[in-house]
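Contents: one structure, followed by commentary.
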Amino acid sequence: MCVVLPITWTANIVTDSLFSLHGRNLAQSGKLLYIMHCSEHPLSTFALFENGPCLVADQNLDVLMIKLKGFFQNAKANKMETRGTRYQFCDFLIKIGTVTMGQSGRGISVEVDYCPCAVPGDCWNLMVEFMQSFMGNHAPTVPPVFNSKHDALYSPADTMMQYMELLNKIRKHQQGTVTGMRL
Numbered sequence: 001m002c003v004v005l006p007i008t009w010t011a012n013i014v015t016d017s018l019f020s021l022h023g024r025n026l027a028q029s030g031k032l033l034y035i036m037h038c039s040e041h042p043l044s045t046f047a048l049f050e051n052g053p054c055l056v057a058d059q060n061l062d063v064l065m066i067k068l069k070g071f072f073q074n075a076k077a078n079k080m081e082t083r084g085t086r087y088q089f090c091d092f093l094i095k096i097g098t099v100t101m102g103q104s105g106r107g108i109s110v111e112v113d114y115c116p117c118a119v120p121g122d123c124w125n126l127m128v129e130f131m132q133s134f135m136g137n138h139a140p141t142v143p144p145v146f147n148s149k150h151d152a153l154y155s156p157a158d159t160m161m162q163y164m165e166l167l168n169k170i171r172k173h174q175q176g177t178v179t180g181m182r183l
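So in this note's numbering, spot 24 of the sequence shown is number 24, and the numbers just go up one at a time.
See the structure below:
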């Protein structure tokens, strides 16, 4: 039996990430700074340190980063991108994208927003139930960003933190695969 659901396409989405190593030379520090852009917030640039704060700035931050090249150096193979499509199903936005590093695909991202609620803790169980309906047992556990924001409003910076965690996990997995092949 096939059931047609009232899901409508609403937009194409792009989230990109450039990461740089903090320090005067690449061997000095392993702390990464992610510079991220999102088509959902085209006038903003997000700067995130691994396990650190998130700075939201205008697009001129990219120009400023060029002037700070003595402190931040581009990491090797530093661009990752998520391209996909945004759909709406009742009160839910579903964003499905392909994660690429360079020209090759590395994974799939699924983002779900419940539009009527801005406090993640209040609607997490509903979101999990919705995600289980099409992802089965692959629905995620509570993201770390929620643990620090029990009753706080959800913001675009929180989304960028989650993308940073996803891209970092994929990047580290890729490095582990390459390292494993060399042995």
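C-beta atoms are modelled at their ideal positions from N, C-alpha and C, and glycine is treated no differently. The model shown is predicted, which means the values in this text are computed figures rather than measured ones.
#1: Do LYS95 and ARG86 have their C-beta atoms within less than 8 Å of each other?
#2: Pick helix, strand or coil for VAL142, following the three-state DSSP scheme.
#3: In angstroms with no decimal places, state the Cα-to-Cα distance between THR98 and SER155.
#4: In chain order, what residues of the same chain lie with their CB nearer than 8 Å to the CB of MET135, ignoring the 5 residues before and after it?
#5: Along the chain, where does the alpha helix (DSSP H) that runs through LEU64 open and close?
#6: Considering only the alpha carbon of each residue, which of LYS172, MET160, ALA152 and ASP113 lies closest to THR15?
#7: Between ILE170 and GLY84, how many whole angstroms is the CB-CB distance? I'm expecting something under 8 Å.
#8: Give me the Cα-Cα distance between GLU165 and PHE71, rounded to the nearest whole angstrom.
#9: Taking 6 Å as the limit between beta carbons, can you name the residues of its chain near CYS105, skipping five residues before and five after?
#10: Taking the alpha carbon of LEU167 as the point to measure from, which residue in LEU33, ALA118 and TYR114 has its own alpha carbon closest?
Working from what's here:
#1: yes
#2: coil
#3: 23 Å
#4: Contacts found: VAL110.
#5: 61-67
#6: Cα-wise, what sits closest to THR15 is MET160.
#7: Not quite, the Cβ-Cβ distance comes to about 15 Å (not below 8 Å), so this is no contact.
#8: 23 Å
#9: The amino acid at residue 105 is misidentified as Cys; the sequence shows Gly. Counting only Cβ-Cβ distances below 6 Å, and skipping sequence neighbours, we find THR98.
#10: LEU33
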